[in-house]
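Presented below is the structure to which this report refers.
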Amino acid sequence: MNKLTYILALFLGTLLLSCGTTEDESVKSDLLSNVQDSKRLMAKIDSLEKIVYDENADLDNAPTAELMAAYNEYTQKFIGDKKKTPEYLYKSAAISRAVNLPVKAIKLYDKILADYPDYERNPEVAFLMAFTYDEDLKQKEQAKEAYHIVIERYPGDKWAEQASARLENIDQSDEDLVKSFMEKDRKKSE
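The numbering of the sequence shown is our numbering, which starts it at 17 and goes up by one.
Right, dumping it as structure tokens:
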């Protein structure tokens, strides 16, 4: 299923063979239970993702709620999983935005940035947090601060460039943006 799961199982097997006291057996039992619980949750998440992420699926349904609950359960039980936990938090935040729960999405983005500083998607997460303030909550001042954080923390990253571009246009209305883009296109074609 997953390399991490197999490595954990191999480690657990080695640990089981090397120990023999009842206290060690209790620890072994707990580890085995955690591995089994992790595998069960990942299998549940995988099957729910296939349903929820189907291109024709409506996100406002029971499987989506069940998937978010499974993400939540995994991320609370396996905080130390530096690979799956931030990824599940990221996916839960994306669904939260899609079902119009932007405040929840921001909390999840913030948790990723605070608890998983080495997560590879953090520049994107920081940008999405700013974008959620900007587009979903219409909180322009908080969005500006958040965009500046993206630029400061991740200079040279494509998400910092996106944040910079967004800051240039954040105070413009949709009509002004369209006019601005049309003007740029006109100048390019001349």
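Glycine included, C-beta positions come from ideal geometry on N, C-alpha and C.
Reduced DSSP secondary structure (H/G/I, E/B, other) of residue 108: Position 92 of the sequence shown, counted from the first residue, corresponds to residue 108. Looking at residue 108 - three-state DSSP - the assignment turns out to be helix.
Nearest-angstrom beta carbon gap, residue 150 and residue 186 [assumed within contact, 8 Å]: Here residue 186 corresponds to residue number 170 of the sequence shown, with the count starting at 1. Here residue 150 corresponds to residue number 134 of the sequence shown, with the count starting at 1. That belief holds up - the Cβ atoms of residue 186 and residue 150 are roughly 7 Å apart, short of 8 Å.
Cβ neighbour criterion (16 or more within 10 Å) applied to residue 163: Position 147 of the sequence shown, counted from the first residue, corresponds to residue 163. Residue environment for residue 163: buried (at least 16 other C-beta atoms within 10 angstroms of its C-beta).
The segment 170-183 contacting the segment 132-144, beta-carbon criterion three pairs below 8 Å: Contact holds: three or more Cβ-Cβ distances are below 8 Å.
Three-state class that DSSP yields for residue 23 in the structure shown: Within the sequence shown, numbered from 1, the residue matching residue 23 stands at position 7. At residue 23, the pLDDT of 49 sits below 50, so the modelled position is not reliable and the matter cannot be decided from this model.
Helix, strand or coil at residue 11 according to DSSP, with G and I counted as helix: With the chain covering only 17 through 206, there is no way to say anything about residue 11.
Exposure of residue 128, with buried meaning 16 or more beta-carbon neighbours within 10 Å: Translated into positions along the sequence shown, residue 128 becomes position 112. Residue 128 should be labelled buried.
Unbroken stretches of the alpha helix (DSSP H), 4 residues or longer, contained in the segment 48-95: As far as the segment 48-95 is concerned, its whole alpha helix (DSSP H) runs of at least 4 residues are 78-93.
Residue environment, residue 193, which counts as buried when at least 16 other CB atoms sit within 10 Å: On the sequence shown, position 177 is the one that residue 193 refers to. Residue 193 comes out exposed.
Exposure label - residue 119; buried when at least 16 CB within 10 Å: The residue given as residue 119 occupies position 103 in the sequence shown. Looking at its Cβ environment, which holds fewer than 16 other Cβ atoms inside 10 Å, residue 119 is exposed.
N-terminal and C-terminal residue of the alpha helix (DSSP H) that residue 118 is part of: Taking the first residue of the sequence shown as position 1, residue 118 is located at position 102. 118-131 is the span of the alpha helix (DSSP H), which, as asked, contains residue 118.
Whole-angstrom C-beta distance between residue 115 and residue 146, which should lie under 8 Å: Position 130 of the sequence shown holds residue 146. Position 99 of the sequence shown holds residue 115. Wrong, their Cβ atoms sit about 20 Å apart, outside the cutoff.
Nearest neighbour of residue 57, chosen from 191, 170 and 88 [CA to CA]: For the purposes of this step, residue 57 is identified with residue 41 of the sequence shown, where counting begins at 1. Of the candidates 191, 170 and 88, the one whose C-alpha sits nearest the C-alpha of residue 57 is 88.
Where residue 183 sits in the DSSP three-state scheme: Within the sequence shown, numbered from 1, the residue matching residue 183 stands at position 167. Residue state, collapsed to three classes: helix.
Counted within 10 angstroms of its Cβ, other Cβ atoms place residue 189 as buried (16 or more) or exposed: Position 173 of the sequence shown, counting from 1, holds the residue named residue 189. Its Cβ having fewer than 16 others within 10 Å, residue 189 is exposed.
Own chain partners of residue 160 with C-beta closer than 7 Å, once the 5 adjacent residues on each side are dropped: Indexing the sequence shown from 1 puts residue 160 at position 144. These residues qualify, in order along the chain: 183 and 186.
Assigned secondary structure, residue 136 (DSSP; H/G/I helix, E/B strand, else coil): As a working note, residue 136 is residue 120 in the sequence shown. Residue 136 falls in the coil class under three-state DSSP.
Three-state secondary structure assigned by DSSP to residue 114: Position 98 of the sequence shown holds residue 114. For residue 114, the three-state secondary structure derived from DSSP is helix.
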